[in-house]
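Let me begin by presenting the structure, written as structure tokens, before commenting on it.
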Amino acid sequence: MSCRMQKAIQQFASQYGLTQNEVVTEIEKVFSSILSQWYGLDTMAFFRNNFEMEAVLYNKIDGTTIQRWIDFREIRGANTLLKHLDIALSKAATIKQTKKYKFYERELRWAEVLACRPSGDLLVEAEIIPGEQVIAVCPLNRIGLHERNLQSFGVGQIRAFHIRRIDPVLVAGTPKMKIVLDRVSKTLVESLLQEQLPVEDEEVNIHCVKRYVGHKSFVITSRRLPKSAISAVSEELHECIQVRFVSS
35 MSCRMQKAIQ QFASQYGLTQ NEVVTEIEKV FSSILSQWYG LDTMAFFRNN
85 FEMEAVLYNK IDGTTIQRWI DFREIRGANT LLKHLDIALS KAATIKQTKK
135 YKFYERELRW AEVLACRPSG DLLVEAEIIP GEQVIAVCPL NRIGLHERNL
185 QSFGVGQIRA FHIRRIDPVL VAGTPKMKIV LDRVSKTLVE SLLQEQLPVE
235 DEEVNIHCVK RYVGHKSFVI TSRRLPKSAI SAVSEELHEC IQVRFVSS
């Protein structure tokens with residue numbers, strides 16, 4: 035059984051993008067929880083060093099804790115255990131993926147519009163981490179009123195977005211990573227202006243003091259910015275960008 039279990043753990047690790055230790059932890063948690071429900075007693079399931087799984091029931095009688103080993107050959111309901119294990123492993127994989135992606139919140143990404151839902155929310159494809167394409171959503175209320183009727187968000191268009199939030203969620207009971215973008219943040223203005231500058235100018239401090247979406251953004255900087263940079267951002271956001279240089 036130990037060889038079969040070790041092989042199963044390796045397969046789960048590959049399937050869900052987890053380490054073998056992470057898979058072992060989830061198996062122990064699921065088996066302990068389900069067996070506790072089935073037997074009505076606290077149960078601990080765990081692996082020995084040789085990948086043999088054992089489970090112990092704990093029952094208090096007259097103040098004394100009695101332990102009893104569970105014979106896995108007596109257990110019925112393997113499909114139920116596997117179903118719960120699949121949910122647990124999917125959730126662990128989603129949480130792990132989300133932690134990796136969450137580092138990129140508040141950054142700028144250019145994304146391709148894939149579709150517009152009946153609600154007005156945009157579905158886009160973005161490369162949050164280099165080489166990894168993911169689907170993200172930009173809710174209608176995160177798009178300025180001045181842009182909602184433009185053709186700028188037609189399918190296939192490439193637009194700039196601010197990464198607002200990345201969280202694990204349940205969709206119809208299935209764990210998923212949800213990436214929420216927006217077009218209305220002040221950070222988007224700052225990031226777009228920074229992107230327009232040469233690499234050697236990365237130390238320029240850019241701060242968007244106030245943004246009236248679709249009308250004007252007020253920005254202060256530690257150095258003068260090229261007019262071409264300001265014009266490019268103004269064109270992308272369809273609003274006036276007023277930049278003021280403030281000497282330190």
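Per my numbering, residue 35 is the first one in the sequence shown, and the count goes up by one each step. By construction, the Cβ of each residue, glycine as well, lies at the ideal position given by its N, Cα and C atoms.
In terms of residue numbering, what span does the alpha helix (DSSP H) encompassing residue i cover?
i      : result
Tyr135 : Ala112 to Lys136
Ala266 : Lys261 to Leu271
Val223 : Lys220 to Gln230
Taking the CB atoms as reference points, tell me whether residue i and residue j lie closer together than 7 Å.
i      : j      : result
Ile169 : Glu159 : yes
Val218 : Val253 : no
Lys117 : Ile200 : no
Asp105 : Tyr92  : no
Val267 : Leu227 : yes
Leu115 : Ile177 : no
Can you list, in chain order, the residues of its chain with a C-beta nearer than 6 Å to that of residue i? Leave out the 5 residues immediately preceding and following it.
i      : result
Ser225 : Leu142
Leu119 : Val64
Ser251 : Val223, Cys242, Arg245 and Ile275
Glu62  : Ala79 and Phe80
Arg102 : Leu91
Ile192 : Trp144 and Glu146
His196 : Asp216, Ser219, Thr221 and Leu222
Measure the C-alpha to C-alpha separation of residue i and residue j and round it to an integer number of angstroms.
i      : j      : result
Phe283 : Glu270 : The chain is shown only over 35 to 282; residue 283 falls outside these bounds and no answer can be derived.
Lys125 : Ser265 : 45 Å
Val57  : Leu204 : 20 Å
Tyr50  : Gln40  : 16 Å
Glu237 : Arg151 : 40 Å
Trp72  : Val90  : 13 Å
Ala145 : Glu181 : 16 Å
Arg278 : Gly190 : 35 Å
Ser70  : Thr99  : 16 Å
Thr53  : Glu229 : 37 Å
Thr128 : Glu139 : 17 Å
Pro232 : Thr221 : 19 Å
Asn55  : Leu123 : 12 Å
Ala112 : Gln44  : 19 Å
Glu88  : Pro173 : 49 Å
Lys261 : Ile163 : 31 Å
Glu108 : Glu60  : 22 Å
Ser48  : Arg110 : 27 Å
His272 : His249 : 8 Å
Gly97  : Gly165 : 59 Å
Pro202 : Thr132 : 6 Å
Ala206 : Ser153 : 19 Å
Leu259 : Leu179 : 28 Å
Phe46  : Ile240 : 47 Å
Ile95  : Asn83  : 31 Å
Arg198 : Asn175 : 13 Å
Ile121 : Gln185 : 41 Å
Which residues in the same chain have their Cβ closer than 8 Å to the Cβ of residue i, if we skip the five residues on either side of it in sequence?
i      : result
Val171 : Asp155, Leu156, Leu157, Val158, Lys212, Ile213, Val214 and Leu215
Thr208 : Ser124
Lys134 : Ile163
The beta strand (DSSP E) with residue i in it runs from where to where?
i      : result
Ser251 : Lys250 to Thr255
Asp155 : No beta strand (DSSP E) contains Asp155, which DSSP labels as neither H nor E.
Arg245 : Ile240 to Tyr246
Ile109 : That residue, Ile109, is in no beta strand (DSSP E); it is neither H nor E in DSSP.
Arg278 : Cys274 to Phe279
Is the Cβ of residue i closer than 7 Å to any Cβ of chain D?
i      : result
Glu139 : No chain D is present in this structure, which holds just one protein chain.
Excluding the five sequence neighbours on either side, which residues of its own chain have a C-beta within less than 7 Å of the C-beta of residue i, listed in chain order?
i      : result
Ser66  : Thr77, Met78 and Ala79
Ala149 : Leu157 and Val189
Ala263 : Leu227, Gln230 and Leu231
Lys210 : Thr128 and Val203
In chain order, each alpha helix (DSSP H) run of at least 4 residues that lies wholly inside the region 51-106: 54-73
Enumerate, from N- to C-terminal direction, the unbroken beta strand (DSSP E) stretches of 3 or more residues contained entirely within the region 148-214. 156-163, 166-172 and 192-205
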